[in-house]
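K.L.:
In order, the protein sequences belong to chains L and X.
Per my numbering, the first sequence starts with residue 77, numbered consecutively.
Per my numbering, the second sequence starts with residue 88, numbered consecutively.
Sharing a structure below in structure tokens format, with a few things to ask.
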Amino acid sequence: MQRRHKWKLIMVNIACVLTLCSCVETKQLEKLGLITAQGYDLEKENEIKGTVVVHKFDPLAENLTKVITVKSHTSKALRQEQNLEIDQKLVTGQLRCVIYSKELAKRGLSQLVDALNRDPTIGNMVYLTVADDDALSIVNIDQSKLKVNLGTYLYNLIKQNVESEQLTSPTLHEFNHNLQDHGKDPVLPILKLKGEGVTISGIALFKGDRIVGELPSNKLFYAKVLYDKYKSGTHELGFNRSHFKQIIKNQGRENKEVYDRLFISIDNIRSHAKIKLIDKEKLLFRVEVTLDSRLLEATEPLDLTSTKNIKFIEKKINKEMESQIKQLLEFFKKKQVDPIGIGNEYMANSREKPLSKKEWRELYKDAKFEVRVDNTIVKTGVID
Amino acid sequence: MNVNLHPKEGILFSAYLLFFVIHGVQTGVGIVGLPRIVFLEAKHDAWISVLVAGVLTSIVLWFIITMLKQYDSADLYGIHVDVFGKWVGNSLSIIYMLYMVGSFFIIFMNYIEIVQVWIFPNLATWQLALVLIFLTVYAVFGGIRIIVGVAFLSVVGTMWILVVAFVPLRYADFSHLFPIMNIGFGELLKGAKSTTLSMMGFELIMFVYPYVREKKKSMKYVQIANMYTTFLSAFVTLISIVFFAGDSLKATIWPVLSMFKIVRLPNLERFEFIAVSFWMLIILPNMCLYLWAASKGFSRVLKRKQKTGVWVFAILAFGATFFIQARYQMNMVTDLVAKSGFYAVICYPVFLSIIVLVKKWWTKRRNSHAKAS
């Protein structure tokens, strides 16, 4: 009796599992249109224009990607409108990249980003970007030349640059984190059309969820030094040639004298940036940057055989970097943005009530910085 | 009714398994939302709050075990009768049974809500509830040894999730933790109080105790289990604080699952799907033990078969699923159970054990007086 009872229960369980399995929504790959990239533009007041790049898995279809553009007020209503124009169900699980137009970013992104956060099917590692003019033109680039679909292409474009330490990672998670943190502001890369492709022209600086400034790509190195604590890629530094006269190898090429600038390219292996609050009353911060780098290239043959010369170069580089970093910090302060998280550092060191974002901005206006760079050239390549 | 319960030798289990039982029943759906709930009260010092809560529960556990040691082999139902007499004692037992059914109910309801939000938005509540309840009933019919086995498998089988919790540290901003201990003591305690939902479960030792073979060792394993749970909760809370910005942690309903969103495996884009599915294994011992302990009351208090109790409570819980439609209703019920849990789990056992200890001391004194005179 006992045994039979047990078997009955097992049968009921199995029956439940078998019959109820079909109750949940099934999603067959062939019947889905996977959105891989989304673009948002400001159409007019209160109306946004949404564009999606859809990847299809139809074995018979020739054109595997499709671009749909519609207009509406919220991003989910856009999806419905877009769904009307396609024979497959649109899903966002494979979304890789979202592009916002600069016009839209100037008016605030929080509502649109919130829609991404609310949706559990969208991953946290989606890249957010800002289009230099409008998102539509980027989504509409000639895709026949691309080997992969646009979403994956843009994703790889950013990922590759993040991995080679040229760009700070612009994932949805980091954007959210920095947007919500009281002592930090988000940054996003700016995409620009160049010929038939897309290029990253710099990073957009956000004050809250609004774009207020841009940092051109050649300044990214310093932002990266301060922002990411591990590595910061390659950078080219320009110097006055006359300052280096003593260590330039004279190889009889007098004609080089015409150039008055000397450029040195270094590759940063390790870096560590520390922001310290020294004086709370005066709001004085000390930014200490320690770098280990390799000398990659110099536009003049430099004599690197003696330690003294290398020390000399290090000193020059330190000085140059210090002034550049200081300039950058002043620039951030002027724009009232804090992408480095100086506010977080301030709050971590003050035992008072945590500041609100607004209170920090008031304080930030009076912040002063002291920059110290300690750069060590650890390698000079295979030749001296 | 007998105060002491003497199960057959064959269905007793070893004391070290108590570690899995207590830890398994403490970690459940509560821990998924724990960081946020504590953060709301204790801000960036939430992890300290969790540690404080762990110390407090450990003290409560000391009280409970000391109370149980006063008896030969009693459970809460027996102690109730011994202390309060038949009528009051049994009424208190029935109230405690209702609390346990309530816990049973909110555990699977909260889990179903997670599944609906994260994976299947169109899934009807009763479908998954039916499967989960049948599974639990099946396990409970197997008896206490099977339930202990489920707890063991659940703890061992889901330990690896702890490793995954290290991944979010890549995006950590440790400046969020400072300044440490900047929050008032009141807030710290309030935060500790809000951990009730994820700390509760240890009260079931009062029902499992008669089935432990080496009863002397139970204190040790129960305390270790509680320490491990505390460590785990504090660790998860700490990671959430450094991973999320304060304001977004306040708004994230299930911070632990949201953190898993950034985990990516080469051939699996979205790790949280696996995490949500595995969570069923984590909540299974909770459901089993609560249903088992509540239905045990049927045989102990109401003198009916325990099986009847299992079916009655299962059908009751299943029927109740139809009354919960929206998230705010779910919140209300969860809050209600968590609040009553605070009294049923923290305050009441301490109160009861003090009564028991005083009573023992009193009878001892009277006996020795009687002998002396």
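Glycine included, every Cβ here is placed at the ideal spot set by N, Cα and C.
1. For F272(X), which three-state DSSP category applies?
2. Can you tell which of G115(L), V365(L), L338(L) has the C-alpha that lies nearest to the C-alpha of L226(L)?
3. Per the contact definition of three or more C-beta pairs closer than 8 Å, is the segment 445 to 460 of chain L in contact with the segment 283 to 302 of chain X?
4. Can you check which of these residues, I276(L), V146(L), L154(L), I324(L), is closest to S382(L) by C-alpha distance?
5. With a threshold of 8 Å between beta-carbons, can M87(L) be considered close to chain X, or not?
6. Between the Cα of R172(L) and those of R357(X), Q157(X), I152(X), V295(X), spot the shortest distance and give me the residue it belongs to.
7. For chain L, is any of its Cβ atoms less than 8 Å away from the one on D260(X)?
8. Got a sec? Which residues, its chain only, sit under 6 Å from F339(L) by beta carbon, not counting five neighbours each side?
9. Counting Cβ pairs, one atom from each stretch, are 3 or more of them under 8 Å apart for the segment 421 to 432 of chain L and the segment 362 to 381 of chain L?
10. Given this structure, state the Cα-to-Cα distance separating S213(L) from V129(L), to the nearest angstrom.
11. Please confirm if D355(L) has its CB atom under 8 Å from at least one CB of chain X.
12. Considering just the uninterrupted stretch of the alpha helix (DSSP H) at D117(L), what are its terminal residues?
13. Is the distance from the Cβ of A238(X) to the Cβ of F107(X) below 8 Å?
14. Expressed to the nearest angstrom, what Euclidean distance is found between the alpha-carbon atoms of N373(X) and I194(X)?
15. Tell me whether Y355(X) is buried or exposed, calling it buried when 16 or more other Cβ atoms sit within 10 Å of its Cβ.
16. What runs of the beta strand (DSSP E), each 3 residues or longer, lie entirely inside the segment 203 to 245 of chain L?
17. For E428(L), which three-state DSSP category applies?
18. Is the distance from the Cβ of F191(X) to the Cβ of A381(X) below 8 Å?
19. Have a look at the DSSP bridge pairing and note the partners of K165(L).
20. Just to confirm my understanding: we take F405(X), look at its own chain, exclude 5 residues before and 5 after, and list those with CB closer than 8 Å. What are they?
21. Report yes if the CB atom of L105(L) is closer than 8 Å to the CB atom of K165(L), and no otherwise.
22. Can you tell me the Cα-Cα spacing of R452(X) and I442(X), whole angstroms?
23. Could you compute how far the alpha carbon of G396(X) sits from the alpha carbon of V88(L)?
24. May I have the straight-line CA-CA distance separating D190(L) from E290(L), to the nearest angstrom?
25. Does DSSP put A259(X) in a helix, a strand or coil?
26. Kindly list, in the order they appear in chain X, the residues whose Cβ is closer than 8 Å to that of E421(L).
27. Using a C-beta cutoff of 8 Å, does G236(X) count as contacting chain L?
28. With 8 Å set as the bound, which would you pick, yes or no: does the beta-carbon of W205(X) sit closer than that to a beta-carbon of chain L?
29. Alpha carbon to alpha carbon, how far is S240(L) from T310(L)? Give it in angstroms, no decimals.
30. Taking 7 Å as the limit between beta carbons, can you name the residues of its chain near F360(X), skipping five residues before and five after?
31. Within a Cβ cutoff of 8 Å, which residues of the same chain sit near I201(X), ignoring the five residues on either side of it in sequence?
32. Throw me the rounded Cβ distance for the Q170(L) and T112(L) pair, which I believe falls under 8 Å.
33. Using only the alpha-carbon positions, how far apart do P208(X) and K307(X) sit?
34. Using beta carbons (cut-off 8 Å, strictly below), is I361(X) in contact with chain L?
35. For L447(L), collect the residues of the same chain with a Cβ closer than 6 Å to its Cβ; drop the 5 residues on either side in sequence, then sort them by chain order.
36. May I have the straight-line CA-CA distance separating T450(X) from N418(X), to the nearest angstrom?
P.N.:
According to the structure shown:
1. For the purposes of this step, residue 272(X) is taken as the residue at position 185 of the second sequence. It is helical.
2. Here residue 226(L) corresponds to residue number 150 of the first sequence, with the count starting at 1. Considering only alpha carbons, the answer is G115(L).
3. no
4. Reading the first sequence from its first residue, position 306 is the one you call residue 382(L). The shortest C-alpha separation from S382(L) is found at I324(L).
5. As a working mapping, residue 87(L) is identified with position 11 in the first sequence. Answer no: the Cβ-Cβ gap between M87(L) and chain X never drops below 8 Å.
6. One-based indexing of the first sequence puts residue 172(L) at position 96. Checking every option, the nearest Cα to that of R172(L) belongs to R357(X).
7. Residue numbering aside, residue 260(X) sits at position 173 when the second sequence is read from its first letter. Yes, D260(X) counts as interfacial toward chain L.
8. For the purposes of this step, residue 339(L) is taken as the residue at position 263 of the first sequence. E312, G314, T375, listed in sequence order.
9. no
10. Start at 1 with the first residue of the first sequence, and residue 213(L) comes out as number 137. Start at 1 with the first residue of the first sequence, and residue 129(L) comes out as number 53. Whole-angstrom Cα-Cα distance: 12 Å.
11. If you number the first sequence from 1, residue 355(L) lands on position 279. No, D355(L) lies away from the interface with chain X (no Cβ there is under 8 Å from its Cβ).
12. As a first step, residue 117(L) is located in the first sequence; it is residue number 41 there, counting from the start. Run containing D117(L): none in the alpha helix (DSSP H); it sits in the beta strand (DSSP E), 108 to 120.
13. The residue given as residue 238(X) occupies position 151 in the second sequence. The residue given as residue 107(X) occupies position 20 in the second sequence. Closer than 8 Å, so yes.
14. Here residue 373(X) corresponds to residue number 286 of the second sequence, with the count starting at 1. Here residue 194(X) corresponds to residue number 107 of the second sequence, with the count starting at 1. Each residue's alpha carbon lies about 8 Å from the other.
15. Here residue 355(X) is taken as the residue at index 268 of the second sequence, counted from 1. According to the sequence displayed, residue 355(X) carries Leu and not Tyr. Counting Cβ neighbours within 10 Å, L355(X) comes out exposed, since fewer than 16 surround it.
16. 203 to 207
17. Residue 428(L) sits at position 352 when you count from the first residue of the first sequence. In the structure shown, E428(L) sits in coil (DSSP, three-state: anything other than H, G, I, E or B).
18. Residue mapping note: residue 191(X) aligns to position 104 of the second sequence, counting from 1. Residue mapping note: residue 381(X) aligns to position 294 of the second sequence, counting from 1. Their beta carbons are under 8 Å apart, which means F191(X) touches A381(X) by this criterion.
19. Taking the first residue of the first sequence as 1, we reach residue 165(L) at position 89. L108(L), per the DSSP bridge assignment.
20. Position 318 of the second sequence, counted from the first residue, corresponds to residue 405(X). Taken in chain order, the residues that qualify are W213, A216, L217, I220.
21. For the purposes of this step, residue 105(L) is taken as residue 29 along the first sequence, with counting starting at 1. For the purposes of this step, residue 165(L) is taken as residue 89 along the first sequence, with counting starting at 1. Not closer than 8 Å, so no.
22. Reading the second sequence from its first residue, position 365 is the one you call residue 452(X). Reading the second sequence from its first residue, position 355 is the one you call residue 442(X). Roughly 15 Å separates the two Cα atoms.
23. As a working note, residue 396(X) is residue 309 in the second sequence. As a working note, residue 88(L) is residue 12 in the first sequence. When rounded, the distance between both Cα atoms is 19 Å.
24. Indexing the first sequence from 1 puts residue 190(L) at position 114. Indexing the first sequence from 1 puts residue 290(L) at position 214. Straight-line Cα distance between these residues: approximately 23 Å.
25. Within the second sequence, numbered from 1, the residue matching residue 259(X) stands at position 172. The answer is coil: DSSP assigns A259(X) none of H, G, I, E or B.
26. Translated into the one-based positions of the first sequence, residue 421(L) becomes position 345. Within 8 Å Cβ-Cβ: S262.
27. To locate residue 236(X), count along the second sequence from 1; it is residue 149. For G236(X), the answer is no, since every Cβ of chain L falls outside 8 Å of its Cβ.
28. Position 118 of the second sequence, counting from 1, holds the residue named residue 205(X). It does; some Cβ of chain L falls within 8 Å.
29. Start at 1 with the first residue of the first sequence, and residue 310(L) comes out as number 234. Start at 1 with the first residue of the first sequence, and residue 240(L) comes out as number 164. In a straight line, the C-alpha of T310(L) is about 9 Å away from that of S240(L).
30. Within the second sequence, the letter at position 273 stands for residue 360(X). Around F360(X): I206.
31. What you label residue 201(X) is simply residue 114 of the second sequence in a count that begins at 1. Cβ neighbours of I201(X) beyond the five flanking positions: V116, V119, W341, L344, V363, W366.
32. Residue numbering aside, residue 170(L) sits at position 94 when the first sequence is read from its first letter. Residue numbering aside, residue 112(L) sits at position 36 when the first sequence is read from its first letter. Sure, about 6 Å apart at Cβ, within 8 Å.
33. As a position in the second sequence, residue 208(X) is number 121, starting the count at 1. As a position in the second sequence, residue 307(X) is number 220, starting the count at 1. Rounded to the nearest angstrom, the two C-alpha atoms are 44 Å apart.
34. Numbered from its first residue, the second sequence carries residue 361(X) at position 274. No, no contact with chain L.
35. Translated into the one-based positions of the first sequence, residue 447(L) becomes position 371. Contrary to the premise, residue 447(L) reads as Val rather than Leu in this sequence. Contacts found: V363, E398, I401, K402.
36. As a first step, residue 450(X) is located in the second sequence; it is residue number 363 there, counting from the start. As a first step, residue 418(X) is located in the second sequence; it is residue number 331 there, counting from the start. Straight-line Cα distance between these residues: approximately 46 Å.
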